[in-house]
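Okay, structure first, notes after.
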Amino acid sequence: MNTRNQDFLSSVERMFDQAAELVGIPDDLRHKIKVANSTYTVRFGVRLRNKLYTFVGYRSVHSEHREPVKGGIRYSPYADQDEVEALAALMTYKCALVEAPFGGSKGALVIDPNEWEPHELERITRRFTQELAKRNLISPAQNVPAPDMGTGEREMAWMADEYKRLNPNELNTWACVTGKPVSKGGIRGRVEATGRGVQYALQEAFRHPQDIEHSGLSGTLAGKRIVVQGLGNVGYHAAQFLSQEDDALIIGVMERDGAVYDEDGIDVDGLHKHIHETGGVKGFKGFTNDSNSVLTCNCDIFIPAALEGVITKENADDIKANIIIEAANGPITFTANEMLRDRGCLIIPDLYANAGGVTVSYFEWVKNIGHIRFGRMQRRQHERQTMDMVAAVEEMTGAKFPERLLARIIQGPTELDLVRSGLDDVMREGYQVISAKWHSDPRIPDLRTAAMMIAIERIRDSYTSLGI
Ligand code: NAD
Numbered sequence: 084m085n086t087r088n089q090d091f092l093s094s095v096e097r098m099f100d101q102a103a104e105l106v107g108i109p110d111d112l113r114h115k116i117k118v119a120n121s122t123y124t125v126r127f128g129v130r131l132r133n134k135l136y137t138f139v140g141y142r143s144v145h146s147e148h149r150e151p152v153k154g155g156i157r158y159s160p161y162a163d164q165d166e167v168e169a170l171a172a173l174m175t176y177k178c179a180l181v182e183a184p185f186g187g188s189k190g191a192l193v194i195d196p197n198e199w200e201p202h203e204l205e206r207i208t209r210r211f212t213q214e215l216a217k218r219n220l221i222s223p224a225q226n227v228p229a230p231d232m233g234t235g236e237r238e239m240a241w242m243a244d245e246y247k248r249l250n251p252n253e254l255n256t257w258a259c260v261t262g263k264p265v266s267k268g269g270i271r272g273r274v275e276a277t278g279r280g281v282q283y284a285l286q287e288a289f290r291h292p293q294d295i296e297h298s299g300l301s302g303t304l305a306g307k308r309i310v311v312q313g314l315g316n317v318g319y320h321a322a323q324f325l326s327q328e329d330d331a332l333i334i335g336v337m338e339r340d341g342a343v344y345d346e347d348g349i350d351v352d353g354l355h356k357h358i359h360e361t362g363g364v365k366g367f368k369g370f371t372n373d374s375n376s377v378l379t380c381n382c383d384i385f386i387p388a389a390l391e392g393v394i395t396k397e398n399a400d401d402i403k404a405n406i407i408i409e410a411a412n413g414p415i416t417f418t419a420n421e422m423l424r425d426r427g428c429l430i431i432p433d434l435y436a437n438a439g440g441v442t443v444s445y446f447e448w449v450k451n452i453g454h455i456r457f458g459r460m461q462r463r464q465h466e467r468q469t470m471d472m473v474a475a476v477e478e479m480t481g482a483k484f485p486e487r488l489l490a491r492i493i494q495g496p497t498e499l500d501l502v503r504s505g506l507d508d509v510m511r512e513g514y515q516v517i518s519a520k521w522h523s524d525p526r527i528p529d530l531r532t533a534a535m536m537i538a539i540e541r542i543r544d545s546y547t548s549l550g551i
């Protein structure tokens with residue numbers, strides 16, 4: 084039994100209960116929404132290194148009030164049923180909150196990917212895909228996995244390819260997983276999506292001065308001092324965009340093997356390269372073994388982007404950040420959440436903050452089913468129409484259009500422009516509805532409860548209209 088995973092599931096359920104109480108839904112429906120519909124455990128053998136290894140995988144389906152169900156697959160030695168069920172539940176609430184038309188699911192393979200060679204991982208992933216496919220736990224219409232901790236484009240490409248082999252006559256096979264490389268039916272902007280969504284979420288929060296002042300901060304993101312835990316896919320992109328585009332200072336990064344601290348701002352790209360070359364942060368300028376000193380340092384914003392249960396009742400009082408944005412799933416336990424909230428910390432909750440991934444996965448799934456890239460039909464038409472407009476303005480005024488603006492104005496949107504625009508819209512609107520809900524009723528204690536309430540109301544409406 085992994086107590087961290089048990090605590091994670093219990094925290095998600097307690098947060099759900101608190102919000103459901105405020106929504107006021109009947110107990111029977113509340114119970115139905117709360118529990119996972121099914122969780123499969125698969126055990127399969129793969130012959131590697133002259134030995135038969137038995138691997139354990141999970142796929143939990145939390146709610147099928149909308150199908151397909153959606154959720155990542157993580158590769159982690161610590162995964163278990165409690166963890167996938169907690170993550171699957173969060174997916175249900177997340178999709179409802181950002182209006183992605185999916186139910187919630189999540190999967191895991193109990194494995195440390197660093198212990199295996201790529202060709203071995205490929206065989207394991209393909210065997211896992213076969214086990215999932217046999218049970219309809221991967222399918223464009225029923226269950227669509229995506230990357231999570233320890234998996235990325237490469238694993239999604241293997242899964243999609245294996246599914247295609249098993250279903251050669253199906254038309255929409257690419258839509259069986261999202262987060263694929265662009266060359267294998269992926270969408271531009273998916274790799275960066277979750278980190279990009281964290282950036283858009285923070286930008287929107289800073290457009291709500293009332294919320295920012297509640298946390299004790301003011302002004303804009305520029306110059307804000309940020310600490311990030313986990314410089315993987317999500318943490319790296321969030322840190323990179325916030326420092327490059329919003330002029331925030333990344334002063335601390337915590338990783339598995341220690342931390343890096345630099346009051347003047349860390350070179351995020353340089354550190355990311357260093358991690359890839361050496362396997363950790365050790366040896367980088369500002370390295371310290373004392374990760375806890377970085378976790379508890381004076382900073383404005385803390386971005387946990389690694390794993391769950393990192394802020395507990397034991398260390399919550401030591402965290403000094405004014406804002407915590409949960410890029411990871413479940414980094415703050417239920418009790419720690421209350422302690423931080425009581426001292427005025429603004430917590431931007433996981434079910435909203437890291438929804439950028441599923442949002443762009445939704446765009447990818449639509450692209451796969453539509454079999455056409457976004458922007459393909461209208462890009463040149465937009466260009467021509469704008470050229471005509473420019474010509475008309477020049478003719479009417481007798482003046483030349485400024486050269487430096489011309490190229491930007493006439494250029495039609497690329498797929499990446501459209502993906503970022505769609506994601507920005509979802510993240511802005513998401514924050515607006517959550518914040519409005521929070522301020523609408525003094526009984527609603529925080530953004531998390533408000534977000535959860537909105538999700539529960541939408542799921543309740545979906546069940547009610549089905550007559551269940
Ligand atoms: P990843 O594997 O790319 O990165 C995780 C990073 O955290 C790695 O760099 C790892 O070394 C580091 N890490 C692991 N244990 C650590 C520890 N104890 N202390 C400090 N650092 C540690 O994974 P990811 O895809 O970036 O996912 C991170 C979190 O974001 C997870 O909670 C995941 O569920 C969540 N998430 C991911 C996505 C996505 O699109 N990838 C979407 C939504 C939510």
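Numbering follows the numbering used here, in which position 161 of the sequence shown is assigned residue number 244; successive positions increment by one, without gaps.
Cβ atoms here follow ideal geometry from the backbone N, Cα and C, with glycine treated the same way.
| Pair within 8 Å by beta-carbon distance, N412 and E391 | yes
| said: For the ligand NAD, is there any heavy atom lying closer than 7 Å to the beta carbon of R339? | reply: yes
| query | From the DSSP output, which residues share a beta bridge with M337? | reply | Q312 and A342
| field | For T416, three-class secondary structure by DSSP | value | coil
| said: My output table needs one value for L135: the three-state DSSP class, helix, strand or coil. | reply: strand
| task | Kindly indicate the opening and closing residues of the beta strand (DSSP E) around A229. | result | N226 to P230
| request: Use the C-beta contact count for R503: other C-beta atoms within 10 angstroms, 16 or more gives buried, fewer gives exposed. | output: buried
| Exposure label - H202; buried when at least 16 CB within 10 Å | exposed
| request: In the DSSP assignment, find the unbroken alpha helix (DSSP H) run with R279 in it and report its ends. | output: A276 to A288
| query | Cβ of P228 within 7 Å of any heavy atom in the ligand NAD? | reply | no
| message | On a Cα-Cα basis, can you pick out the residue from R132, A258 and E168 that is closest to E200? | response | R132
| Closest to L429 by CA distance: which of L300, S326 and L304 is it? | L300
| field | G187 vs T175 beta-carbon contact at 8 Å | value | yes
| Below 8 Å between beta carbons: does that hold for T361 and A342? | no
| said: Does the region 239-251 come into contact with the region 259-277, if we say contact requires no fewer than three beta-carbon pairs (one atom in each stretch) closer than 8 Å? | reply: yes
| Which residues share a DSSP beta bridge with I408? | I431
| message | For a test of your reading of the model: does the CB of A411 fall under 7 Å from any non-hydrogen atom of the ligand NAD? Yes or no. | response | yes
| message | If you measure between the beta carbons of S326 and V351, is that distance less than 8 Å? | response | yes
| task | Pull up the DSSP beta-bridge partners for G154, would you. | result | P228
| message | Quick check: what's the CA-CA separation for E253 versus L506? | response | 29 Å
| request: Would you identify the three-state DSSP class for L192, choosing helix, strand or coil? | output: strand
| message | Taking 7 Å as the cut-off, is the C-beta of G392 nearer than that to any heavy atom in the ligand GTP? | response | The model depicted lacks the ligand GTP and carries the ligand NAD instead.
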